[in-house]
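In the numbering used here, the protein residues as written are 1 to 67.
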């Protein structure tokens, strides 16, 4: 299985850093949704990308909790 550099970078971080990154990603998703609702968002694909990044962060947090 091929890992992306982003996932490898996440795996090197501590749980506290991952929690901070998760909060930041959720704030970004909220802002993107708000911009989309007001027709100010140009790149709508960014919403999907941020959602997937949130899932990746949560997956790494779960893996670290089980280990």
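Where a beta carbon is used, it is the ideal one built from N, C-alpha and C, also for glycine.
So, using beta-carbon positions, are residue 58 and residue 22 closer together than 8 Å? yes
If the criterion is Cβ atoms closer than 8 Å, does the pair residue 56 and residue 18 meet it? no
State the Cα-Cα distance for the pair residue 51 and residue 4, rounded to the nearest angstrom. 16 Å
Shortest alpha-carbon distance to residue 66 belongs to which of 6, 8, 15, 7? 15
Is there a Cβ from chain D that is less than 8 Å from the Cβ of residue 57? Of the protein chains in this structure there is only one, and it is not chain D.
State the DSSP-derived secondary structure class of residue 41, mapped to helix, strand or coil. coil
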